[in-house]
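To convert, note that position 79 of the sequence shown is 79 in the numbering used here; the numbers rise steadily by one, no gaps.
Don't be surprised by glycine CBs; every beta carbon is placed ideally from N, CA and C.
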Amino acid sequence: MTRDKKRKRYVRAVAESAGDRYARTARLLAGVRPPGAFQLKELLAECVTRPRADIDWGISWGEAEEEFASPVFTSDVLGGPVPYQSVLKLAGLLSQEGPDARLRAERVVAREHAVVAGRARRFELGLNWGVAYELCGVSGCPRQPVGWIGTRCEKHLAACAPEGTVDLAEAWAFARNDQHRERRGDPAVLEGSPEADLLVRVAVAQGVYEQAASALLHGLFEDPEMIDEVYWDPDEAQKVRDSMDRERARLDAVAAAAVRRIREETGVCAACREPLPASGGVPGFPPDHCSRECVPAPPRPRGHRHAWSFPPR
Ligand SMILES: [Zn+2]
Ligand SMILES: [Zn+2]
1 MTRDKKRKRY VRAVAESAGD RYARTARLLA GVRPPGAFQL KELLAECVTR PRADIDWGIS
61 WGEAEEEFAS PVFTSDVLGG PVPYQSVLKL AGLLSQEGPD ARLRAERVVA REHAVVAGRA
121 RRFELGLNWG VAYELCGVSG CPRQPVGWIG TRCEKHLAAC APEGTVDLAE AWAFARNDQH
181 RERRGDPAVL EGSPEADLLV RVAVAQGVYE QAASALLHGL FEDPEMIDEV YWDPDEAQKV
241 RDSMDRERAR LDAVAAAAVR RIREETGVCA ACREPLPASG GVPGFPPDHC SRECVPAPPR
301 PRGHRHAWSF PPR
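Below, the structure is given as structure tokens:
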């Protein structure tokens, strides 16, 4: 394949994954090196053996330069200057995978940043500044993953199996309740948390809000039918019930806002293109569809673990 053909194929692949037009993508990728595969240890070997490169960044920081400019070496793997610190931070993020980790440069913008991807995880490296941090594991996605759950951003979590979301809501809520019991606190401290909000938004997008909400409330507080048996003191039982009611109302509001946002963003049904209803509560199917009938049948489970990395099974 000629260089030109290879480049066009690369631009087309990036355009498709980003849902953008070819011409626009080609302009954005001007000067960007097409991706290549390498092992972490190749980049590490360069990092520990290569001398510091003297780079003219085109700006003068004067005396502050020594203090602020990240020392760089010239890397063949990433095709240009790379800060030592970026590589060492990447190695830290990949410590579980070890030096044999296989990576591929998904995109390299010389002297700015590089995106490198492994099997399920992606990272951004500063090429002018010594930083490295994890990105959502879905190719082309610029967002950061929701750290406490796994390797995907909120939007791409919604593309995972909905059963995984309900399981996770339950596991997370029980774990939080356990912590609370150890501290013997007021049940009101279990109300309201960014984690519950996130789980609700993902569940709404997947059309499993009711299941996720009951899993959350049950896990956080108590099985509603068991409250009187678990709490002998009627005042305590009432406190739990009040907390549960307030949290249910709060979760309902978060869910309703999520439905509104999805419907405003999409406007028409993803299947039949009819306008989406402006009201009607939280549906038991993905809100970017007008009705259950329009939602395509889920693909047959393929037996692999869903993309949530927690809870481990
Ligand atoms: Zn993403
Ligand atoms: Zn429809």
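Heavy atom of ligand 1 within 7 Å of residue i beta-carbon
| i | result |
| --- | --- |
| Cys-136 | yes |
| His-156 | yes |
| Arg-152 | yes |
| Cys-269 | no |
| Cys-141 | yes |
Host alpha helix (DSSP H) of residue i (start-end)
| i | result |
| --- | --- |
| Ala-213 | 209-220 |
| Val-230 | 227-230 |
| Gln-85 | 84-93 |
| Thr-266 | 234-266 |
| Ala-271 | No alpha helix (DSSP H) contains Ala-271, which DSSP labels as neither H nor E. |
| Asp-197 | 194-206 |
| Arg-26 | Per the sequence presented here, residue 26 reads as Ala, with Arg not at that position. From DSSP, the alpha helix (DSSP H) with Ala-26 extends over 22-28. |
Closer than 7 Å: residue i CB and nearest ligand 2 heavy atom
| i | result |
| --- | --- |
| Ser-86 | no |
| His-289 | yes |
| Glu-274 | yes |
| Cys-160 | no |
| Cys-47 | no |
Cutoff 8 Å; reference residue i; Cβ partners in own chain excluding five residues on either side
| i | result |
| --- | --- |
| Gly-284 | Gly-207, Val-208, Tyr-209, Glu-210 and Arg-292 |
| Val-295 | Gly-207, Ala-271, Phe-285, Pro-286 and His-289 |
| Ala-278 | Arg-263 |
| Gly-98 | Leu-40 |
| Val-166 | Ala-203, Val-208, Gln-211, Ala-212 and Ala-215 |
Delimiting residues of the beta strand (DSSP E) encompassing residue i
| i | result |
| --- | --- |
| Gln-39 | 37-39 |
| Val-72 | 72-75 |
Cut-off 6 Å between Cβ atoms - residues of its own chain near residue i, not counting five sequence neighbours on either side
| i | result |
| --- | --- |
| Val-189 | none |
| Pro-312 | Caution applies to Pro-312, whose pLDDT of 34 falls short of 50 and renders its modelled position unreliable; the model cannot decide the point. |
| Ser-75 | Glu-46 and Val-82 |
| Gly-303 | Low local confidence applies: a pLDDT of 45 at Gly-303 is under 50, so the model's placement there is unreliable, with the coordinate-based value given in what follows. There are no such residues. |
| Glu-236 | none |
| Pro-162 | Gln-206 and Val-208 |
7 Å Cβ shell around residue i - same chain, five flanking residues per side excluded
| i | result |
| --- | --- |
| Ala-158 | Val-202, Ala-205 and Gln-206 |
| Leu-55 | This sequence places Ile at residue 55; Leu is not what is there. Taken in chain order, the residues that qualify are Val-72 and Pro-81. |
Fill in: Every unbroken alpha helix (DSSP H) within the stretch 107-133, with a cutoff of 4 residues, ordered by chain
With a minimum length of 4 residues, no continuous alpha helix (DSSP H) run stays inside the stretch 107-133.
Fill in: Touching by the beta-carbon criterion (3+ pairs, under 8 Å), the stretch 116-130 and the stretch 92-101
In short, these stretches touch, since the Cβ pair count reaches three.
Discussion item. With a threshold of 8 Å, are at least 3 pairs of Cβ atoms found where one atom belongs to the stretch 254-272 and the other to the stretch 174-188?
Written reply: No: fewer than three Cβ pairs fall under 8 Å.
Worksheet item: Where in the stretch 130-188 do unbroken runs of the beta strand (DSSP E), each at least 3 residues long, occur, reported from the N-terminal end onward?
Response: Runs of the beta strand (DSSP E) inside the stretch 130-188: 132-135.
Worksheet item: Three or more C-beta pairs closer than 8 Å, one from the stretch 216-231 and one from the stretch 240-249: is that the case here?
Response: Three or more Cβ pairs closer than 8 Å define a contact, and the stretch 216-231 meets that threshold against the stretch 240-249.
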